[in-house]
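Asker: Here our numbering is used: position 168 in the sequence shown is 622, and no number is missing along the way.
Please read through the structure below; I'll follow up with questions.
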Amino acid sequence: MTGAAPSYIDYLTDLICRVSNDHHITFLSESGTRWIDNEQLLCFVEYLHEADRQQYLHAVANLDGHAFSRINARLKTKGGSYVWMEFTLIAMSAGNQIAICGRDISHWKTIEARLEQAAMYDPLTGLGNRSLLAKAIDDYIAVAKHNTSGFALLVLDLDGFKKVNDSLGHLAGDEILVEASRRLKGVLREQDLAIRMGGDEFVIILPGARTPAAVETVCIKILRAIEKPFLTDSGNLVHLSTSIGTSFYPTHAHELQSLLQCADSAMYAAKKQGKNCSKVYDPSSEGRHNIVTMESAMYAGIQQGEFYLEFQPLFDPSGDRMLGAETLMRWRSETFGSVSPATFIQVAETSGLIEYLGDWCLRASCHFLKRINLQNPEFKISVNVSSRQFQMPSFRSSLQRAVAEIEINPHNLILEITENSLMKDTMEVINTLDEIDALGVCVVLDDFGTGYSSLAYLSRFRLKALKVDKSFVDKIGVSKSDETICSAIISLAHALGMYCVAEGVETKEQLDFVASLGCNMIQGYLFGKPLAANALLDLIFQKAVA
């Protein structure tokens, strides 16, 4: 079964054998006897680790008469241990046999394992890093599902750490990070996991902890450990504290990124409370720690098409003629349900998503306008532009592209901006408004009277109309002062050559009042609630026929 003496081929590889179509070894090279006992040769599969057998059988099944395949598999040696080998499988033309050449790669596998292990740990502190966390969290979740338990994820950073790097240098900062890591490990159990995420941010996993009471003692120990003074090698005494945020699996989230976001939100709440304390994530709380998860939901909502548009009609004061409609962006979130624009627009502005959402809304509105103008050439569509979106350098070019590419009549497009949009960088605002005016697009000042209401805006900027805010219209017939404000806004608009829109008109009394003052356009539930695009088209068609 083996060669009588080593041949040159024995020096080229660590093992050569030939197997039959039923995988039984029919020949073994002299070098192969180092690994396999040649007294009783068995089926080659029997010498492979159980986890690698299917890989081998799959490779054999995919061989043809002129092909070869390579696999890495563990070979069981005479002593019962396993060694990593690279096997080259070659289909032999005669006898339906396969030649197998094996090369010992255990040394490379050892190096590879060491490199992988090193890649899982932070070289400065010796704690695990992001890669280890991502790998370990799957195991924690699998265990938690199996025994219906859970775990706590803590996010913390060092309050005031930036001042160390700024005043004492990064070397002193590194010394403090090393000492802080040592202190963290000192208060944790053997089964707990400590991770350095980067900078001065750390993550801790506490298996089995599912309630605030279960993590309270550990959090107190961490707070006390970090607030002890740090002494640098240069003799500087540094006082720091830490803020801790906690989330729980499966109570708050079911995967790593969401757990991190929840814990990070709670940590922010701890800092807001005064630092040097711990907080558990509260899904019902307001503020940034809800914004974090909402921002994540917005990204998902964009991908899943959760955002849509509705349109609220604009009528002449008689109510007989529909002059246009205002585009209203809506979001029905799988996570949060229906979210008000006042909430998600603010989140979009904070996260930078407003550029995408605003551009999408503008282009969708232009497409809809073009569709309506084929039947009603005078119909106008107004689009709200947030303050942040209006001030973006890309806004003007986005508007120009939309008008040119969709080929709308620009005079039928109205942009509604608020007074906040006019507050910063006056020359830039003037340039933007000049370019919009040159395009032929109208700009309306929305919610006039609720912000700074400086008359300087009206004289310096190219504005076509003022909108009377709903808060003033609501008080018509109730508050003489609000009626006076309504009257003043409408009169001011006309005196400056602008038209005026009253929004939030819901009663006949409100309509009669603003109509008597010559208000040009009416918007509100008295004439029509926001409609889906198809419903608005049906309404336009019905009125056109009538």
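Don't be surprised by glycine CBs; every beta carbon is placed ideally from N, CA and C.
Quantities reported herein were computed from a predicted structural model and do not represent experimental measurements.
#1: Should D468 be labelled buried (16 or more other beta-carbon atoms within 10 Å of its own) or exposed?
#2: Leaving out the 5 sequence neighbours to the left and right, which residues in its chain are closer than 8 Å to G604 when beta-carbon positions are compared?
#3: Express the C-alpha separation of I994 and G778 in angstroms, rounding to a whole number.
#4: What are the boundary residues of the beta strand (DSSP E) that includes M721?
#5: Let me make sure I understand the geometry here. Which of I552, L517, G534, I544 has the alpha-carbon closest to that of T480?
#6: Work out the CA separation of L482 and S523 for me, nearest whole Å.
#7: Does the beta-carbon distance from V839 to I871 come in below 8 Å?
#8: Which runs of the alpha helix (DSSP H) spanning at least 4 residues fall entirely within the region 567-653, listed in chain order?
#9: Give the list of continuous alpha helix (DSSP H) stretches no shorter than 4 residues that lie fully inside the region 473-523.
#10: Closest to L823 by C-alpha separation, out of A802, N866, A521, would be which residue?
#11: Tell me whether M975 sits in a helix, a strand or coil according to DSSP, three-state version.
#12: Given this structure, state the Cα-to-Cα distance separating N619 from G582, to the nearest angstrom.
#13: Less than 8 Å between the beta carbons of F765 and R784, yes or no?
#14: What would DSSP say about I470, mapped onto helix, strand or coil?
#15: What residue from D966, E780, N475, I976 has the CA that sits closest to L511's CA?
#16: Measuring CA to CA, which of T886, N830, D628 is closest to Q843?
#17: Using DSSP bridges, identify the partner residues of V793.
#18: What span of residues does the alpha helix (DSSP H) with T938 cover, start to end?
#19: Please identify the residue among I554, K924, T671, Y810 whose C-alpha is closest to the C-alpha of Q757.
#20: Who are the Cβ neighbours of N988 in its own chain at under 7 Å, not counting the five residues just before and after it?
#21: Is it buried or exposed, V932, if we count other Cβ atoms within 10 angstroms and call 16 or more buried?
#22: Taking the straight line between their C-alpha atoms, what separation do you get for M748 and F790?
#23: Around the C-beta of G486, are 16 or more other C-beta atoms found within 10 angstroms, so that it is buried, or is it exposed?
#24: Give the DSSP-derived three-state secondary structure of S701 in the structure shown.
#25: Could you tell me which uninterrupted beta strand (DSSP E) segments, each at least 3 residues in length, are contained entirely in the region 844-917, listed from first to last along the chain?
#26: Whose C-beta lies closer than 8 Å to the C-beta of Q509 among residues of the same chain, with five residues either side of it excluded?
#27: Using beta-carbon positions only, say whether P864 and V895 come within less than 8 Å of one another.
#28: Using 8 Å as the threshold, is the C-beta distance between I944 and V898 below it?
#29: From D576 to L990, what does the alpha carbon distance come to, in whole angstroms?
#30: Going by beta-carbon coordinates alone, are S732 and C673 separated by less than 8 Å?
#31: Going straight from the alpha carbon of T797 to that of P984, what length do you get?
#32: What does the alpha-carbon distance come out to for the pair H821 and L763?
#33: Hey, I930 and Q977 are a contact pair by Cβ (cut 8 Å); roughly how many whole angstroms apart?
#34: Are the CB atoms of D923 and D891 nearer to each other than 8 Å?
#35: CA-CA distance, E633 and E644?
#36: Measuring CA to CA, which of R775, Q829, A545 is closest to N974?
Answerer: So, to answer that:
#1: The residue given as residue 468 occupies position 14 in the sequence shown. By the neighbour-count rule (16 or more Cβ atoms within 10 Å), D468 is buried.
#2: As a first step, residue 604 must be located in the sequence shown, where it is residue number 150. If we look at G604 and ignore the five residues flanking it on each side, its Cβ neighbours are A598, G662, A663, R664, F702, Y703, P704, T705.
#3: Within the sequence shown, residue 778 is the residue found at index 324, counting from 1. Within the sequence shown, residue 994 is the residue found at index 540, counting from 1. Inter-residue distance for G778 and I994 is about 10 Å (C-alpha atoms, whole angstroms).
#4: Taking the sequence shown and counting its residues from 1, the one referred to as residue 721 is at position 267. From DSSP, M721 is part of no beta strand (DSSP E) but of the alpha helix (DSSP H) over 710-727.
#5: For the purposes of this step, residue 480 is taken as residue 26 along the sequence shown, with counting starting at 1. The candidate whose alpha carbon is nearest that of T480 is I552.
#6: Residue numbering aside, residue 523 sits at position 69 when the sequence shown is read from its first letter. Residue numbering aside, residue 482 sits at position 28 when the sequence shown is read from its first letter. Roughly 19 Å between the two C-alpha positions.
#7: Residue mapping note: residue 839 aligns to position 385 of the sequence shown, counting from 1. Residue mapping note: residue 871 aligns to position 417 of the sequence shown, counting from 1. Result yes, Cβ atoms of V839 and I871 sit closer than 8 Å.
#8: 584-600, 615-622, 624-641
#9: 504-515
#10: For the purposes of this step, residue 823 is identified with residue 369 of the sequence shown, where counting begins at 1. With distances taken between Cα atoms, L823 lies closest to N866.
#11: As a first step, residue 975 must be located in the sequence shown, where it is residue number 521. Three-state result, M975: strand.
#12: Position 165 of the sequence shown, counted from the start, is the residue given in the question as residue 619. Position 128 of the sequence shown, counted from the start, is the residue given in the question as residue 582. Taking the straight line from one Cα to the other gives about 23 Å.
#13: What you label residue 765 is simply residue 311 of the sequence shown in a count that begins at 1. What you label residue 784 is simply residue 330 of the sequence shown in a count that begins at 1. No, the pair does not count as a contact, with Cβ atoms beyond the cut-off.
#14: By 1-based counting over the sequence shown, the position of residue 470 is 16. Strand, per DSSP.
#15: For the purposes of this step, residue 511 is taken as residue 57 along the sequence shown, with counting starting at 1. For L511, the nearest C-alpha among the options comes from N475.
#16: Position 389 of the sequence shown, counted from the first residue, corresponds to residue 843. Comparing Cα-Cα distances from Q843 to each of T886, N830, D628, the minimum goes to T886.
#17: In the sequence shown, the residue the question calls residue 793 occupies position 339. Answer is W785, bridged to V793.
#18: Here residue 938 refers to the residue found at position 484 of the sequence shown. Where T938 is concerned, the enclosing alpha helix (DSSP H) stretches over 934-949.
#19: For the purposes of this step, residue 757 is taken as residue 303 along the sequence shown, with counting starting at 1. Selected option, being the one with the closest Cα: Y810.
#20: Counting from 1 along the sequence shown, the entry for residue 988 is found at position 534. Excluding positions up to five away in sequence, the list is empty.
#21: Locating residue 932 in the sequence shown gives position 478, counting from the first residue. V932 is exposed by the Cβ-count criterion.
#22: Counting from one through the sequence shown, the residue named residue 748 turns up at place 294. Counting from one through the sequence shown, the residue named residue 790 turns up at place 336. Cα to Cα, the separation comes out at about 8 Å.
#23: Working through the sequence shown from its first residue, we reach residue 486 at position 32. So G486 counts as buried.
#24: Here residue 701 refers to the residue found at position 247 of the sequence shown. Looking at S701 - three-state DSSP - the assignment turns out to be strand.
#25: 867-871, 896-902
#26: Residue mapping note: residue 509 aligns to position 55 of the sequence shown, counting from 1. Take Q509, set aside five residues on each side of it, and the residues of its chain with a beta-carbon closer than 8 Å to its own are I525, A527, in chain order.
#27: Translated into the one-based positions of the sequence shown, residue 864 becomes position 410. Translated into the one-based positions of the sequence shown, residue 895 becomes position 441. Going by C-beta atoms, P864 is nearer than 8 Å to V895.
#28: Looking up residue 944 in the sequence shown gives position 490. Looking up residue 898 in the sequence shown gives position 444. Contact: no.
#29: For the purposes of this step, residue 576 is taken as residue 122 along the sequence shown, with counting starting at 1. For the purposes of this step, residue 990 is taken as residue 536 along the sequence shown, with counting starting at 1. Each residue's alpha carbon lies about 59 Å from the other.
#30: If you number the sequence shown from 1, residue 732 lands on position 278. If you number the sequence shown from 1, residue 673 lands on position 219. The answer is yes: Cβ separation under 8 Å.
#31: Indexing the sequence shown from 1 puts residue 797 at position 343. Indexing the sequence shown from 1 puts residue 984 at position 530. If I take the Cα positions, the gap works out to 18 Å.
#32: Within the sequence shown, numbered from 1, the residue matching residue 821 stands at position 367. Within the sequence shown, numbered from 1, the residue matching residue 763 stands at position 309. Linking H821 to L763 through their CA atoms gives a straight-line distance of about 12 Å.
#33: Numbered from 1 along the sequence shown, position 476 holds the residue referred to as residue 930. Numbered from 1 along the sequence shown, position 523 holds the residue referred to as residue 977. 15 Å between Cβ atoms; not a contact.
#34: If you number the sequence shown from 1, residue 923 lands on position 469. If you number the sequence shown from 1, residue 891 lands on position 437. No, Cβ-Cβ distance for D923 and D891 is not below 8 Å.
#35: If you number the sequence shown from 1, residue 633 lands on position 179. If you number the sequence shown from 1, residue 644 lands on position 190. Computed Cα separation, rounded: 19 Å.
#36: The residue given as residue 974 occupies position 520 in the sequence shown. Cα-wise, what sits closest to N974 is R775.
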